[in-house]
Amino acid sequence: MAVCTVYNVKSLNSSYSISTPAKTNLGFHQKQVFFYSSKKTNYKRSGSSVITCADSGTIVIGLAADSGCGKSTFMRRLTSVFGGAAEPPRGGNPDSNTLISDTTTVICLDDYHSLDRTGRKQKGVTALDPKANDFDLMYEQVKAIKEGIAVQKPIYNHVSGLLDPPELIKPPKILVIEGLHPMYDERVRDLLDFSIYLDISNEVKFAWKIQRDMAERGHSLESIKASIEARKPDFDAYIDPQKQYADAVIEVLPTQLIPDDNEGKVLRVKLIMKEGVEFFSPVYLFDEGSTISWIPCGRKLTCSYPGIKFAYGPDSYFGNEVSVLEMDGQFDRLDELIYVESHLSNISTKFYGEVTQQMLKHSDFPGSNNGTGLFQTIVGLKIRDLYEQLIASKVGAPLQATKA
Ligand SMILES: Nc1ncnc2c1ncn2[C@@H]1O[C@H](COP(=O)(O)OP(=O)(O)OP(=O)(O)O)[C@@H](O)[C@H]1O
Ligand SMILES: O=C(CO)[C@H](O)[C@H](O)COP(=O)(O)O
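Numbering (this note's numbering) for the sequence shown: 1 to 404.
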């Protein structure tokens, strides 16, 4: 995608010079004005203006989580924030895992399994084991897309358990790589402009898996238990440690509002946001940097048992400084979320009530009445904001002038 900016040369004061190393002299105010040149940048002269067209490139977002932990739901919320629905590639493999919308392309990292289902069984490894995945290819292809080059990405077919012929992936504005290992390989990790980890506690994961795999996939309770147990050692070794690298973590825990709750329906959800990440300013409640505990139930928010409790404050996470926003409980009336939204800052909305509008629009998605839906929506808005700031910084780069 090319983004063009027009600069009026007359308005450039002769006392300005450019802070970046000058590579191209366009001939205007020859001694003072230089423009940074790269392969992807075109310059045109038009009257007294300079037009620079820069390829804004693809920004890459990583979303890590175990299977069945809400990645697809999160992706639907994210693509909705950018507008337009995400669909599988038209006319392609019906079992493709890719989702494409106007702005985003979501690729599933299961497509980089190097061993198919039979191969894994023969070698006695799970799909979570790095030995069952091709990180060299993952790195090369994500890097190529980021540089604006289309790739032929393999497809792992979840229906047949086989590796299907590849599909063409063209560079989108935003590439999301979701799956088990987006932050496992250092080379791939370094390509990410922003990373998210969905950290679902074992109790909650179990409840969600039972709900989906029994109701929708006809699995027995025993087989679900066995599959979770079989994956656990590799999950602990290879998937869970990735959360230390994430810029934002959504942690889902059982409620603390009901003593000894074992139903797992009411959730306590934490949004852990790393400080100091470029183009990402953590959300806060009431007062940035303070420690807050807030029960919003009362005149403006209807709450039935066990109520709702928010918390906010600074903390440390794997040695990094973070801000944590927490919500325990669930909403009775989603339209009243506007009351909570109006007390949150840095949520990167474009208009008052946008979070509430998004939540109402997708009230049928799992987690819409609790912190999972709320925080996924907020992270979606933060990613949109990060994308817009990154593009602006890239387009503005040629003119980062400092006063001489
Ligand atoms: N926020 C939530 N609240 C309650 N249940 C949820 C939530 N998110 C997901 N689930 C449950 O987990 C199931 C899996 O969700 P989803 O398909 O989004 O996960 P996934 O990580 O994409 O799974 P997979 O990788 O196996 O395709 C849903 O069908 C639903 O039952
Ligand atoms: O952990 C997973 C990520 O989705 C899957 O189990 C893995 O991709 C293997 O898929 P399948 O079970 O369909 O062979």
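Glycine residues also receive a C-beta, built at the ideal position from the N, C-alpha and C atoms.
Cβ of residue i within 7 Å of any heavy atom in ligand 1?
i              : result
histidine 367  : For clarity, residue 367 is glycine in the given sequence; the question names histidine instead. Yes, the Cβ of glycine 367 comes within 7 Å of a heavy atom of ligand 1.
lysine 71      : yes
threonine 377  : no
serine 67      : yes
glycine 373    : yes
tryptophan 294 : no
Should residue i be listed as close to ligand 2, given that the test is whether its C-beta is under 7 Å from any heavy atom?
i              : result
glycine 161    : yes
leucine 63     : no
histidine 219  : no
arginine 333   : no
alanine 230    : no
leucine 128    : yes
tyrosine 317   : no
isoleucine 156 : Sequence check: residue 156 is tyrosine here, not isoleucine. Yes - ligand 2 has a heavy atom lying nearer than 7 Å to the Cβ of tyrosine 156.
arginine 212   : no
histidine 343  : no
aspartate 110  : yes
serine 362     : Per the sequence shown, residue 362 should be read as histidine rather than serine. Checking every heavy atom of ligand 2 against the Cβ of histidine 362, none is found closer than 7 Å.
arginine 189   : no
arginine 117   : yes
With respect to the beta strand (DSSP E) encompassing residue i, which residues constitute its N-terminal and C-terminal limits?
i             : result
serine 323    : 320 to 329
aspartate 315 : 308 to 317
alanine 64    : 59 to 64
Start and end of the alpha helix (DSSP H) containing residue i?
i              : result
proline 233    : 221 to 234
glutamate 140  : 135 to 146
isoleucine 210 : 202 to 215
glutamate 341  : 337 to 341
leucine 360    : 354 to 361
Looking at the strands, I want to know which residues DSSP matches up with residue i.
i             : result
threonine 372 : Looking at the DSSP assignment, threonine 372 forms no beta bridge with any residue, so it has no partner.
histidine 113 : Asn133
lysine 270    : Glu251 and Glu326
serine 293    : Ala311
valine 283    : Answer is none; valine 283 lacks a bridge partner.
valine 151    : Ile169
aspartate 199 : Glu251
serine 345    : Tyr284
Who are the near neighbours of residue i in its chain, counting only those whose CB is closer than 6 Å to its CB and skipping five residues on each side?
i                : result
aspartate 199    : Lys243, Val249 and Glu251
asparagine 320   : Lys274
alanine 64       : Pro182, Met183, Tyr197 and Gln242
proline 21       : Here the model assigns proline 21 a pLDDT of 31, short of 50, so the residue's position is not dependable, and the following value carries that caveat. Contacts found: none.
leucine 99       : Ala86 and Val106
phenylalanine 74 : Gln376
proline 366      : Thr73
glycine 179      : Cys108, Leu109 and Asp110
Output needed for residue i: all residues of its chain with C-beta closer than 8 Å, excluding positions within five of it in sequence on either side, in chain order.
i             : result
arginine 384  : Val81, Phe82 and Ser348
glycine 161   : Asp116, Arg117 and Thr118
threonine 104 : Leu78, Thr79, Phe82, Ala86, Pro172, Lys173, Ile174, Leu175 and Val176
leucine 414   : Not covered by the structure: residue 414. The range shown for the chain is 1 to 404.
valine 204    : Val252, Leu253, Pro254, Gly264 and Leu267
histidine 158 : Asp95, Asn97 and Asp110
valine 322    : Ile272, Met273, Lys274, Glu275, Pro282, Pro314, Asp315 and Ser316
aspartate 102 : Phe82, Gly83 and Gly84
valine 142    : Val60, Leu175, Ile177, Val188 and Leu191
So, at 7 Å on beta carbons, what are the nonlocal neighbours of residue i in its own chain, with the 5 sequence-adjacent residues on each side left out?
i                 : result
phenylalanine 318 : Gln244
leucine 168       : Ala150 and Gln152
threonine 377     : Arg77, Val355, Gln358 and Met359
leucine 285       : Ile292, Trp294, Phe310, Tyr312, Leu325, His343 and Leu344
serine 38         : Only weak support is given to the placement of serine 38: the predicted model assigns it a pLDDT of 34, under 50, and the value that follows is read from those uncertain coordinates. So no residue of the chain qualifies.
leucine 390       : Ile59, Asp193 and Phe279
proline 89        : Ser96, Thr98, Ile100 and Glu167
valine 266        : Thr255, Leu257, Ile258, Pro306, Gly329 and Gln330
tyrosine 139      : Asp185, Arg187 and Val188
cysteine 297      : Cys303, Gly307 and Ile308
Quick one: is the Cβ of residue i within less than 7 Å of any heavy atom of ligand 4?
i             : result
histidine 181 : What this structure holds is ligand 1 and ligand 2, not ligand 4.
### Query
Can you give, in chain order, each stretch of the beta strand (DSSP E) that sits fully within the stretch 156 to 193 and has at least 3 residues?
163 to 169 and 174 to 179
#### Entry: beta strand (DSSP E) runs contained entirely in the stretch 75 to 113, provided each spans 3 or more residues
104 to 108
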